[in-house]
Structures are given as C-alpha cells and as structure tokens.
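Trainee: Top to bottom, those sequences are chains G and W. For the first sequence, full-length UniProt numbering begins at 1 and goes up steadily by one. For the second sequence, full-length UniProt numbering begins at 1 and goes up steadily by one. By construction, the Cβ of each residue, glycine as well, lies at the ideal position given by its N, Cα and C atoms. Treat the numbers as computed from the prediction; the structure is a model and nothing was measured. What follows is a single structure, and I will ask about it in a moment.
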Amino acid sequence: MQKLVVIGAGMASGRVLEHLFETDPTAYEITLFNAEPRGNYNRIMLSPVLSGEKSYEDIVTHDEAWYTDNQVTCRFGEKVVAIDRARKVVVGEKGEVPYDKLIVATGSVPFIVPVEGRDLPGVIAYRDLDDTNIMIERSAKPGAKAVVIGGGLLGLEAAAGLRLRGMDVTVVHLAGHLMERQLDEAAGYLLKKDLERRGIAVLTKASTQKILGTSHVEGVELADGTVIEAELVVMAVGIRPSVQLAKEAGLEVGRAITVDATMRTSDSDIYAVGECVEFEGTLFGLVAPLYEQAKVVAKSLLDEEERFSVKELSTKLKVTGCDLFSAGDFAESEGREEIVLRDPAKGVYRRLVLEGDRLVGAVMYGDTSDSNWFFDLMKNRTPVSEMRETLIFGQAYQGGSPLDPMAAVAALPDDAEICGCNGVCKGKITGTITEKGLTSLDDVRAHTKASSSCGTCTGLVEQLMALTLGDSFNPNAVKPMCGCTDLGHGDVRRLIKAKELKSIPEVMQELEWKTSCGCAKCRPALNYYLVADWPGEYVDDKQSRFINERVHANIQKDGTYSVVPRMWGGMTSAKELRAIADVVEKFDIPSVKCTGGARIDMLGVKKEDLPAVWADLNAAGMVSGAAYGKALRTVKSCVGSDWCRFGTQDSTGLGIRIEKFMWGSWTPGKVKMAVSGCPRNCAEATCKDVGVICTEAGYEIHFAGAAGLDIKGTEVLTQVATEDEAFEVIVALVQLYREQGHYLERMYKWLKRVGMDSIKAAIVDDLDKRRHYFDRFAYSQTFYRKDPWAERASGAVAAHEFRPMADLSSFKEAAE
Amino acid sequence: MTSAKSWHRIGQLTDIPKLGARCVLTPFGRLAVFRTADDEVYAIEDRCPHKGGPLSQGIVHDTSVTCPLHNMVISLKSGKVLGPDEGAVRAFSVRIDPETSAIELSLTEASAEAPYPVAAE
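This is the structure:
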C-alpha cells in the first residue's frame, strides 16, 4: 500500500479524505498531521458556536471514531518541522514519517495589523475553536466591551456573535462601507443600519492607530484620536496563506503555493489544497472552491483525470436577520449598465449589473429569495435581454403569472446549483432522494452533502424534498413544537442550554413565543426540558404537567384514578400484599389487577382519597410506581440464578438495583425496562426501551424496543462482562436519551433520529463520556429520587389538589 | 340584568394556583373555578361536553382549558368548545372582591351582557 501523508486537518483536506474513502478506501495508508490538538471541524460554523446557536460537538465533521474506522494515523497537536523531499519524509516534532504522496493543506494564518499593542493579552484573531472559546469566555463578564477590527464577512459574524452573548461591540472598518469587496455602498449602508439596530456600533473609514493597555488590552486608539474602551479586540482583517513549510522545502511559491490544474505543486508527488494554494494567480478563501479542489486532489491521487478551474463565486452572510447576497463583478465600468430596485420602507435593495445581454454581477439586501436564480443566470451566461424589463423582480415575474416558491424551485433546471458550499445541483439532490429513498433532511445531508456546511440553502433543499416526495415529506427537523412557536423541539432544547434559559416564562420570552402562556402541548414539553437540563435549579411547574404527573396517579374515564405502587424488580412480600389488600377494602376500591409491567394496579380511587391511600401504602414501605409518568416505569425481571435452573446471572438483583437507582427520574417518553437471566428471555427484555439479556459471558444490553402502537425488537447496544459495567451503561444511556430526546419521543424513535453511531460513540466507545452521562444522571437523581406520594400524603405539597374549594350544594337557587 | 344576583364567597384568589383550578360543589353538580395567568377567574361546569372529563384537571392556557381525557379545548369565558369541535358547558358568574381578594360565585348562569370578572371600580 502506498503511503500518503497529509499536513493539516482542515475542511479541504478532510474532504479529500472523504472522497478517497468513498472511492477506494484501500489505496493509501494515511498519516494526518494537525497543529491544532483536534481533528476536522466545520470552521465556517464557528459563528453559530460563538453566538451559542450550536455547540462544538455539532460542528465536528470527523470525530475520533471516523479516523479510527478509516484507519487514519492521527498526529494531532504536533507541528510539522520540515519536508525532506530528497528522502521523501515529513519531519514532525515527534519523529519522521515517510511518504509516497504528500498533501500540503497548511491553510492560512490571520493577518495581524502591525500596530503597537498587538501582542497584548486579549487581542486575538478569529480563526479557530480556541479563538472562539476565548471570545465566549470574555463575553461572560457582564457589560464587557469588545472591538472588532475589520468589517468583512468574518469580522461581522464575530461582532454579531459577541453581541448575542451580551457584549458591547464596536466594529472598526478601514474602508468607506462594510464588506466592500462583496457589497456596494448602498447595500453596505443598509447592513450598517441593520447592525446598529442590533446594538452594534459601526465606525467606517476608521484606521486603527494603536492598541492600548499595559498588562492586558484596555482599548483601541484610532488615527483621528478617538479612543474606544475594550477588554477584547478581535482582528479580522484578512488571512495570509501559510507557505513557510512549502517554501523551506523548495516548492514553487508565489503569493501562495503554486499548483497546476491537477492540484500538483512543482513537485509532482506533492499536492496542495485549500487556502494555502495559488492557482492561475488566484487565492481562495471561500469553501466552495476548496471543496472543488479537494475533489480534484482525490481523483489525481487515484490517477483519474480531473481538472480544477476558477468559477464564479457568491457570498452570503451568516448573521441571522441580515439577508445579503452578492456575486460576480459589480464595479461600474464602460459598457456596463445597471438595474436597481429600492424599497427603503422594507429595507430591500437589489442591484444587477449587465454587460451586453449577460448578467455579470448582483448585490441583494433584505430579500435574497431569487439569489440562486440570478447566480445561475450569471454562471450559465444566459442571455437576459428579453426579460430585461422585469429581470430585477426575480424569477416569479418572468412571463405568465407569478410563480409560487415551490413552482420556482420546480422550474429550476437539473444543473441549477442549490448548495454553493458543496457544489451540489438540483438533479443530484432529487436523484439521490429517489434512488436511495431518503425522507429526512439529515439523510439528504448525509448522502449529498447539500446543506451540510453553512446551511443557508436548507430551505431550498427542503423545498426540493417536498417537490420530490410530495405529501409524504414531513420535515421533522423544522416541524414546530406547536402553534405557539415556529421552533422545533431540537432547536428549543439546544437554545435552552445555549442561552441558559431556566424558566418557562424565560423560554417563551427569549424564543419569542407567539402566545402569552403557551398551550397544553408546549408547556409540558418545556417543563420536561427544564427539569432535565437544570436539576436543582429549575422549580418544577406543576400547572404545566399533565394531570397524571401533577397528581401522581392515572386519571380514568370517569375522573377517578388508578394507583400502582412500586415493587422493586417485581419482587413483593406478604407485608406489601397485605397492605394493598387492606387499602382496597378500606377505600372500597372497585378493581385490582396486574399491569403489563408486572405490578399491581388499584383502579377507581376517588381523587380525594388519594392522599390517604398513599399514606397507608407508604406505611407498608411502598412508594409511587410512576405508572402515570413520562418517567422510569418498571424494571421487569425473571428469577435468574436465584431460583431458575437455566439462570446465568442474578437478573432479579440487577433489576432491583436499576429500579432503586433510577426511580423518580423524568424522561422524554416513558421508559420500561426488563432484565432476563438467560437467552430464553422470560422477562421479555427484547421489546423494552432498555433490556438486558444475561449470558454465561456477561450482559447483553439492548435498547429501543417497542410493543405498543409500533412493534419493534430491540437493538443490541453492547455486551459487557460485569454487572457494574452493565449498570453504568444503562444509566448513561438513559441520561443521553434524557438530554437528547424530544418530549414524547420514545427511545426507538430517538434512536431512529440520531442514529446508532452517535449513541455508541457516547456510551460504548468513550468511557469518559459514559462516565459523564452517568454522573449527570446521578446528580439529577439527588433531586428527583423522592416519593411524590409521601410529600402529598403528609399534606405538605399540593393540598389544594385533593379537596373542593367550597361546598354550596345546600343552596337552592334556580339556574334560570 | 333585572334581578340582583346573590354572591357566595367560595375562598380566596390565592386558594387557586395560577393557571390552575379548584372544584366547588353546587346543586347543579361540580363546577370548576379557574385562575388565569393574569389573575382573572372563571367558573364553568366541571364536565367536558365530549365524554364528561373533569375540566378542573386540565392544563390551563390563556383563557382556555384542555380536557385531560381527550384534549378538547374549552373557552373559560363562554364555556364553548374551541376549534373544529362543537359543544358547550354552562359558564357561571364569578368575581373578585377588590378589597379582600375573596372569590365570589353566583349560581346563575353568566350572561353575555355582563362581562366578568366583575370588578367594582
């Protein structure tokens, strides 16, 4: 096998590896160096991480498991010192690695303005996760101030993120208007106004003179003498290709490493890809051409013919609420004319630049709905003279009656580009949906890469899915929780954590609920999310619980309740049975039966009798069985090695241990468990939310079964040798589900949504992670492992629930 | 209204949790008295017109309650079932004494002309 060494684990080289593994996973033995102590993540999504809309985990492109599965030798956190071309070895800090082929993907370094004070602590660039973390850390201080130097794409995303985190932000920009490379003056002005409305101060034509401070940054002084206070200064004025290593190795370097159309450098065994590359005099910073290059490198490495060429590029800003788009060349010049549309009230601005009968440039602000169509006209060099009169209004106005957005998408040709980042066209998306039978956005992302980078084309991709799948398309990802909000469960959960929202009114305020106090759908969901996410801090809102969870009994059709006491692992005793019998007689309870979970159910208890019934059951040592809750229900068990001649392990003991540890915990949907002592499976563990099958060798842990509306056998999560391990895995698994599950989503649906790999990665493969989930569950239990019956039986909690407010039955008045 | 209503004190505003309800027994059966987020109170029959579910046990939102049995949504103001379904329960007049915050209930049906809660100015 040939040896391939890659220097730099960024987005471009990551994509090269993906292509290689897709086409021929056995072609190369790969060693990957990265100076950052981590693998490939989606750098362009750092802005949402900064603003709190995503977490680092969300933007990891390749996790540890991916590198392991593909047998990549990772040398992360190790710098490459030299490339010795004569001996064909790469010299790392910790040793040499020989190569047959080498990829240089050293990327770029941020350009630091050479002014006094630039080395002070608190002055950073905005380039990688470490920078982002510093920014998040600094923004935690209330009232902290930041200056962002540079009003380009990156600078503005940094400014918006810091502002969202509550910092006082000033953008200092050298040119006359913001994003001058992508926007004309008018659009730059609208953008500035929008940012100012968000509380971001913008100074244009402002040149930084020096950075003030002695031991730490204190402010920025401009050339005109203005001083702006700041505890954090972010430099985002541009990037410089990292070419030092290539230069020292004697490769041909201009402004960056020179490559030919097959992405080879001046040494034919060495390729370069990404921001460190110069091709036909052009440098590259946006992701689309980098991915294009990656494809070419992968093909070249497999001796396939593919050539890179420079294409038209477009830009969008990832700042929520600032919709702008620009593409092509929009400078004024001889032989060019322009069409402009302004709607100041709506903050809409559109400008098209024509040369002859071709569209060569477009700038749009405020309404970018037609951007893809304009961009296609530009790339395909479509003659536009015939539609010139109505061109500026967009595709809907070209002949005939206006089209609805779906029709506009339907009308796009198959080669129309939908995802600019990954160069995915319409035909590829619709074709893959049909061919692979894809039904969810995540599937489409996984199979086509469309919408998986910056995400701005997500709406278009969804429209294509709707178009291809018709009514069967159910965009789960965007399905709102209820009529009170446009956000889905996933977004709400994420934002509760990211924005640290700790009460229902806070969630409704911050996430812009459309109703004053929610509805019967969203309130129980929000209450659960807050209970699960902030144990010990959040105060359970009883009025947002469904009646069963509020009064800890199951309401029946006639308004009476049923009561199920816990029997650990299904074990009971004469004392418990006697107490149950007494309660049934004393309170004249009409029905007693065994439940599906092998517990005893007393049905037809009057609400006002509940506290007294509980008091008697408590006195015999019994607590609530939670048969009414989205919570840990029962752990069924067989008699196992205690009695059974086939039993291999103490299944009853494990069942009791699990139930005693986990009772009282709340979960997204109900959790039913079972432990069987041998593969004969008498406890029916293989249709439970979590099940254990004991064997001579240990414990097989199953989960995600169902035997209700849907019938589904469990999946095997893992096999472990000891009871302690089994116990830890089960607890950690339930905690993961508690943190990720959507309210009312049973475990099997959760698995279907997030995928087995991600669950295994957290619970099976990584012992540290498993332990963290276990610990979080254990911590939460210190608050929730309490008997709700005892609290109420004593009259200390919710006494008002169980008796009428007044009795007016003796008053005789006519209702007429 | 022609004849004066007689009002019965049934308890204090604070006896009912916000977004909650309590029951009152009357000659016409059980009524549910609700308290909204804005401290308005309403009284309706505690019997869902659909299958007789106890409305006092439902989740209260805005000026509606969702029945715990089958999720019918009922207006606390009119007693009418909201949304595509039909049906209604009787609504009764109820007011808060501004001095003492006592809740007072009249056992005559609420009329459309007399908006309530009746707060004495």
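Within this structure, are the beta carbons of F727 (chain G) and I658 (chain G) separated by less than 9 Å?
Mentor: Their beta carbons are under 9 Å apart, which means F727 (chain G) touches I658 (chain G) by this criterion.
Trainee: Whose C-beta lies closer than 8 Å to the C-beta of A362 (chain G) among residues of the same chain, with five residues either side of it excluded?
Mentor: Cβ neighbours of A362 (chain G) beyond the five flanking positions: F325, S326, A327, G328, F330, R350, R351, L352, V353, S371, F374, F375, M378.
Trainee: Counting Cβ pairs closer than 8 Å, one from the region 486-493 of chain G and one from the region 458-465 of chain G, do we hit at least three?
Mentor: With a cut-off of 8 Å, the region 458-465 of chain G and the region 486-493 of chain G do not count as touching, because too few Cβ pairs lie within range.
Trainee: So, is residue 836 (chain G) buried or exposed, given that buried needs 16 or more other C-beta atoms within 10 angstroms?
Mentor: There is no way to answer for residue 836 (chain G), as the model of chain G reaches only from 1 to 816.
Trainee: Contact between the region 75-95 of chain G and the region 204-212 of chain G is defined here as three or more beta-carbon pairs at a separation below 8 Å; is this criterion met?
Mentor: With the cut-off at 8 Å, the region 75-95 of chain G and the region 204-212 of chain G do not touch.
Trainee: Could you tell me whether any Cβ in chain W is nearer than 9 Å to the Cβ of D558 (chain G)?
Mentor: Chain W contact via Cβ: present.
Trainee: Just checking, does the region 247-264 of chain G make contact with the region 212-231 of chain G on the three C-beta pairs under 8 Å criterion?
Mentor: Taking 8 Å as the limit for Cβ pairs, the verdict is that the region 212-231 of chain G does not touch the region 247-264 of chain G.
Trainee: Starting from the C-beta of residue 837 (chain G), find all residues in its chain whose C-beta is less than 8 Å away, skip the five residues before and the five after it, and write them out in chain order.
Mentor: Given a span of 1 to 816 for chain G in the structure shown, any question on residue 837 (chain G) remains unanswerable.
Trainee: Exposed or buried, which one is P241 (chain G) when buried takes at least 16 other CB atoms within 10 Å?
Mentor: Flag for P241 (chain G) reads buried.
Trainee: Alpha carbon to alpha carbon, what distance is there between S472 (chain G) and M465 (chain G)?
Mentor: When rounded, the distance between both Cα atoms is 10 Å.
Trainee: How would you list, in chain order, the residues of chain G whose beta-carbon sits under 8 Å from the beta-carbon of H61 (chain W)?
Mentor: Going along chain G in sequence order, the residues near H61 (chain W) (Cβ under 8 Å) are T515, C517, G518, C519, A520, R523.
Trainee: Output, in chain order, the set of chain W residues within a Cβ distance shorter than 7 Å of A806 (chain G).
Mentor: The answer, in chain order, is I10, G11, V24.
Trainee: To which residues does DSSP link M662 (chain G) through a beta bridge?
Mentor: Answer is none; M662 (chain G) lacks a bridge partner.
Trainee: Anything in chain W within Cβ reach of H800 (chain G), meaning under 9 Å, just list it in chain order.
Mentor: Under the 9 Å cutoff, chain W gives D15, I16, P17, G20, R22.
Trainee: Could you tell me which residues DSSP puts in a beta bridge with F727 (chain G)?
Mentor: Note: F727 (chain G) sits in no beta bridge, so no partner.
Trainee: Please report whether the beta-carbon of N80 (chain W) lies at a distance below 9 Å from any beta-carbon of chain G.
Mentor: The question names Asn, but residue 80 (chain W) is Lys in the sequence shown. No, its Cβ sits nowhere closer than 9 Å to a Cβ of chain G.
Trainee: Within 10 angstroms of the Cβ of V253 (chain G), are there 16 or more other Cβ atoms? Answer buried if so, exposed if not.
Mentor: Its Cβ being crowded by 16 or more others within 10 Å, V253 (chain G) is buried.
Trainee: In chain G, which residues lie less than 9 Å from V33 (chain W) when you measure between Cβ atoms?
Mentor: Going along chain G in sequence order, the residues near V33 (chain W) (Cβ under 9 Å) are M805, A806.
Trainee: Could you pull out every residue in the same chain whose Cβ sits closer than 6 Å to the Cβ of I339 (chain G), ignoring the five residues on either side in sequence?
Mentor: If we look at I339 (chain G) and ignore the five residues flanking it on each side, its Cβ neighbours are L352, I392.
Trainee: I need the straight-line Cα distance from D616 (chain G) to C484 (chain G), nearest angstrom please.
Mentor: Cα to Cα, D616 (chain G) sits roughly 43 Å from C484 (chain G).
Trainee: Between the region 595-602 of chain G and the region 639-654 of chain G, can you find at least three pairs of beta-carbon atoms closer than 8 Å?
Mentor: Counting Cβ pairs under 8 Å, fewer than three are found: no touch.
Trainee: Name the DSSP bridge partner or partners of W568 (chain G)?
Mentor: Paired residue(s): none; W568 (chain G) is not in a bridge.
Trainee: Give me the chain W residues within the contact set of I547 (chain G), using Cβ-Cβ distance strictly less than 9 Å, ordered along the chain.
Mentor: By Cβ distance, chain W contributes P54, Q57, G58, I59, P68.
Trainee: When DSSP labels each residue in this structure, what does D558 (chain G) get in the three-state scheme?
Mentor: Coil.
Trainee: Find the nearest neighbour of P142 (chain G) within the set G:V169, G:E78, G:P48, G:A158, judged by alpha-carbon distance.
Mentor: Looking at the Cα atoms, G:V169 is the closest of the given residues.
Trainee: Can a CB atom of chain W be found closer than 9 Å to the CB of S326 (chain G)?
Mentor: Chain W, which has no Cβ nearer than 9 Å to the Cβ of S326 (chain G), makes this no.
Trainee: Examine chain G for any beta-carbon lying closer than 9 Å to the beta-carbon of P27 (chain W), and answer yes or no.
Mentor: Interface residue, yes.
Trainee: For P110 (chain G) versus H216 (chain G), is the C-beta distance shorter than 9 Å?
Mentor: It is not a contact, given that the beta carbons lie outside the stated cut-off.
Trainee: Taking C-beta pairs closer than 8 Å, name the residues in chain G that L91 (chain W) reaches, listed in chain order.
Mentor: Before going on, a small fix: residue 91 (chain W) reads as Ala here, not Leu. Those do not exist, as A91 (chain W) stays about 11 Å from chain G at its closest Cβ, beyond 8 Å.
Trainee: R770 (chain G): buried (16+ other C-beta within 10 angstroms of its C-beta) or exposed?
Mentor: Answer is buried; the Cβ neighbour count reaches 16.
Trainee: Taking Cβ-Cβ distances shorter than 9 Å, what residues in chain W pair up with I555 (chain G)?
Mentor: Within 9 Å Cβ-Cβ: G53, P54, Q57, P68, L69.
Trainee: Going along chain W, which residues have a C-beta under 9 Å from F811 (chain G)?
Mentor: In chain order: S6, H8, T26, P27, L107.
Trainee: Leaving aside the five residues before and after H61 (chain W) along the sequence, list all residues of the same chain whose C-beta is less than 8 Å from its C-beta, in chain order.
Mentor: Excluding residues within five positions, the ones whose Cβ falls inside 8 Å are L19.
Trainee: Can you say whether E334 (chain G) is buried or exposed, counting buried as having 16 or more other CB atoms within 10 angstroms of its CB?
Mentor: Per the 10 Å Cβ criterion, exposed.
Trainee: Does the Cβ of Y784 (chain G) have 16 or more other Cβ atoms within 10 Å, making it buried, or fewer, making it exposed?
Mentor: Looking at its Cβ environment, which holds 16 or more other Cβ atoms inside 10 Å, Y784 (chain G) is buried.
Trainee: Name, please, each residue of chain W whose Cβ falls closer than 8 Å to the Cβ of Q543 (chain G).
Mentor: Ordered by position in chain W, the residues that pass the 8 Å Cβ test against Q543 (chain G) are P17, K18, L19, G20, I59, V60.
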